[in-house]
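Contents: one structure, followed by commentary.
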Amino acid sequence: GESVGLHLPTLSVQEGDNSIINCAYSNSASDYFIWYKQESGKGPQFIIDIRSNMDKRQGQRVTVLLNKTVKHLSLQIAATQPGDSAVYFCAENYSYKLIFGSGTRLLVRP
Amino acid sequence: DGGITQSPKYLFRKEGQNVTLSCEQNLNHDAMYWYRQDPGQGLRLIYYSQIVNDFQKGDIAEGYSVSREKKESFPLTVTSAQKNPTAFYLCASSGTGGVAKNIQYFGAGTRLSVL
Numbered sequence: 061g062e063s064v065g066l067h068l069p070t071l072s073v074q075e076g077d078n079s080i081i082n083c084a085y086s087n088s089a090s091d092y093f094i095w096y097k098q099e100s101g102k103g104p105q106f107i108i109d110i111r112s113n114m115d116k117r118q119g120q121r122v123t124v125l126l127n128k129t130v131k132h133l134s135l136q137i138a139a140t141q142p143g144d145s146a147v148y149f150c151a152e153n154y155s156y157k158l159i160f161g162s163g164t165r166l167l168v169r170p
Numbered sequence: 100d101g102g103i104t105q106s107p108k109y110l111f112r113k114e115g116q117n118v119t120l121s122c123e124q125n126l127n128h129d130a131m132y133w134y135r136q137d138p139g140q141g142l143r144l145i146y147y148s149q150i151v152n153d154f155q156k157g158d159i160a161e162g163y164s165v166s167r168e169k170k171e172s173f174p175l176t177v178t179s180a181q182k183n184p185t186a187f188y189l190c191a192s193s194g195t196g197g198v199a200k201n202i203q204y205f206g207a208g209t210r211l212s213v214l
């Protein structure tokens, strides 16, 4: 079935550096993608979204890139801060359902 | 505050017991969802409801039941038929029209353990 997966289970970055979290999706018919941030013991929090007719979307310190040719999604976090430490999930929206990847843990070193 | 409230935060189940997890939202969302999250894994869909008095099974519905009698409420019952209920349970809601249907907002979760 359709699935969304992540290449790196854990990413460790130095505070102040940029972070890039990657995601591969398999359902070419999905038209909407979302990144969520989940802190320990909490529910996922919406970060940013992108429609399939876009290649790039920017938010505050975050950018999502979509490459439909290779079915790849990435989340870029600029000037990573300690508060960015969390697990990040990408999800594709397909017929009222969100299909989640297994997540990438981002660790920010002081 | 507008949002999704899940209760209790922690819940313990004895063998053969049914337990019910509460989910209430005041976002005026039509759609509500229940997910299960196991350690180090993503979210798996248990049940979802797009409108009051209607709900559909997700990917792992066996051993669970739901009801949707009110727009604001979508309780999940973990029955004794669910042999491995220990997990973190997340409730979410979303709109159902246009872009709103795509973004789901989550509660803080209920952690269920077996005694």
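Keeping their order, the protein sequence lines are chains X and B.
In this text, residue positions in the first sequence follow my numbering: the first is 61, and each later residue adds one.
In this text, residue positions in the second sequence follow my numbering: the first is 100, and each later residue adds one.
From the three backbone atoms N, C-alpha and C, an ideal C-beta is built for every residue, glycine too.
Look at the beta carbons and you see the stretch 133-141 of chain X not touching the stretch 162-176 of chain B: under three pairs across the two are nearer than 8 Å. For residue 153 (chain X), the neighbours in chain B by C-beta distance under 7 Å run, in chain order, 201. Fewer than three beta-carbon pairs drawn from the stretch 70-86 of chain X and the stretch 180-193 of chain B are found closer than 8 Å, and the two stretches are therefore not classed as touching.
By the criterion of at least three beta-carbon pairs nearer than 8 Å, the stretch 69-80 of chain X is in contact with the stretch 163-170 of chain X. Uninterrupted beta strand (DSSP E) stretches at least 3 residues long and entirely within the stretch 164-209 of chain B occur at 175-177 and 186-193, given in chain order. Counting along the chain, the unbroken beta strand (DSSP E) around residue 124 (chain X) starts and ends at 122-127. Annotation note: the stretch 70-131 of chain X contains no uninterrupted alpha helix (DSSP H) run of length 4 or greater. The beta carbon of residue 144 (chain B) sits closer than 8 Å to some beta carbon of chain X.
Burial is judged here by how many other beta carbons sit within 10 angstroms of a residue's own beta carbon; residue 144 (chain X) has at least 16 and is buried. Around residue 151 (chain B), the same chain offers 167 and 170 as residues with beta carbons nearer than 6 Å, after the five sequence neighbours per side are excluded.
In this chain, residue 139 (chain X) is not harboured by any beta strand (DSSP E), its DSSP state being neither H nor E. Residue-level contact by beta carbon fails for residue 145 (chain X) and chain B, as no gap is shorter than 8 Å. The beta-carbon distance between residue 185 (chain B) and residue 162 (chain B), rounded to whole angstroms, is 12 Å. This is too long to meet the 8 Å contact definition. When the Cα atoms are used, residue 209 (chain B) and residue 77 (chain X) turn out to be separated by approximately 34 Å.
At least one CB of chain B lies nearer than 8 Å to the CB of residue 92 (chain X). Nearest neighbour of residue 118 (chain X) by Cα position, chosen from X:134, X:146, X:157 and X:89, turns out to be X:134.
Taking a Cβ-Cβ threshold of 9 Å, none of the residues of chain B is close to residue 167 (chain X); the smallest such distance is about 14 Å. For residue 109 (chain X), a Cβ of chain B is located within less than 8 Å of the residue's own Cβ. Taking every protein chain shown into account, the CB of residue 107 (chain B) has fewer than 16 other CB atoms within 10 angstroms, so this residue is exposed.
In the structure shown, the three-state DSSP call for residue 137 (chain B) is coil. At a cut-off of 8 Å, the C-beta of residue 76 (chain X) has no neighbouring C-beta in chain B.
Put simply, the CB of residue 162 (chain X) is near chain B, with a gap under 8 Å to one of its CB atoms.
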